[in-house]
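Beneath this line is the structure, given in structure tokens, with notes to follow.
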Amino acid sequence: MSADLFSGEDPIQTGRETLAPGAVILRGRAIATEAQLLEDIARISAAAPFRNMTTPGGYKMSVAMTNCGGAGWVTDAQGYRYARNDPLGGAPWPAMPASFLTLAKAAAAEAGFPGFAPDGCLINRYEPGAKLSLHQDKDEQDLGHPIVSVSLGLPAVFQFGGLTRAAPVHRYPLLHGDVVVWGGPMRLAYHGILALKPGEHPRVGQIRLNLTFRHAL
Ligand code: SIN
Ligand code: FE2
């Protein structure tokens, strides 16, 4: 048993939960660099603000989003796609910070995907009640690259299913600092986030943040 459990700090977690071949939760891997990650998110969102985008079907998403890196995920009446520039203002998305890249590459390698080189990071901000219904990440050109997804702030319930919408869906808690990686045979797995419960995280506040890294273009 670790002394961290009694120190009042987040224990540095090293757990690893396999969801399926090619899909794993790496517990606590973002905790060591959380301060830098949060500072970088604040800087990025000052330049490219969080916004609630509209689906092609005309629904406003409850999750607010922004991006960094060369490939930013966007949605509007024209569809889901990657854009090199922020449609709000037209400037390129902010560059991907070193803290993001280092974490994403290390997590991918630990999960069995060495050489991951993300060109985009979607940053999701959940307020209480916000959710992301079951979907596949399939707007990327080459599905040979994994997805790396980092959780910060309030806990959430992650849904992870199979390759069809009808496949059984399992629920996993995602806590501050957890990193999920899926690729290979599970690259097109359906996944989502249940409606966020209200709460207060000591360093992130009343929200959940998620970084989703992709090699998209
Ligand atoms: C996503 O599927 O883009 C985000 C998942 C998450 O917020 O954990
Ligand atoms: Fe997704």
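Mapped onto this note's numbering, the consecutive letters of the sequence shown carry residue numbers 307 to 523.
Glycine included, each C-beta is placed from N, C-alpha and C at the ideal position.
All values reported here derive from a predicted model rather than from experimental measurement.
Discussion item. Any heavy atom of the ligand SIN inside 6 angstroms of the beta-carbon of T518?
Written reply: Here residue 518 refers to the residue found at position 212 of the sequence shown. Indeed, a heavy atom of the ligand SIN lies less than 6 angstroms from the Cβ.
Worksheet entry | Simplified DSSP state of P504, which is helix, strand or coil | Locating residue 504 in the sequence shown gives position 198, counting from the first residue. If DSSP states are grouped into helix, strand and coil, P504 belongs with coil.
Discussion item. Given a cut-off of 7 angstroms on the beta-carbon distance, is the pair L480 and F466 in contact?
Written reply: Translated into positions along the sequence shown, residue 480 becomes position 174. Translated into positions along the sequence shown, residue 466 becomes position 160. Not in contact: L480 and F466 (Cβ atoms no closer than 7 angstroms).
Practice prompt. State the DSSP-derived secondary structure class of Q512, mapped to helix, strand or coil.
Written response: Sequence index remark: in the sequence shown, residue 512 carries index 206 (1-based). Coil, per DSSP.
Worksheet item: Under three-state DSSP, which class holds A329?
Response: Stepping through the sequence shown from its first residue, residue 329 is reached at position 23. Here A329 sits in strand by DSSP.
Practice prompt. Below 8 angstroms on the Cβ atoms is my guess for L407 versus Q442; work out the distance and round it to an integer in Å.
Written response: Within the sequence shown, the letter at position 101 stands for residue 407. Within the sequence shown, the letter at position 136 stands for residue 442. Contact annotation, L407 with Q442: C-beta distance approximately 25 angstroms; criterion of less than 8 angstroms not satisfied.
Worksheet entry | Separation of L394 from R335, as counted between CA atoms | Position 29 of the sequence shown, counted from the start, is the residue given in the question as residue 335. Position 88 of the sequence shown, counted from the start, is the residue given in the question as residue 394. Cα-Cα distance, rounded: 33 angstroms.
Worksheet item: Which parts of the segment 321 to 388 are runs of the beta strand (DSSP E), unbroken and 3 residues or longer, counting only runs that do not cross its ends?
Response: 322 to 326, 329 to 332, 370 to 375 and 378 to 382
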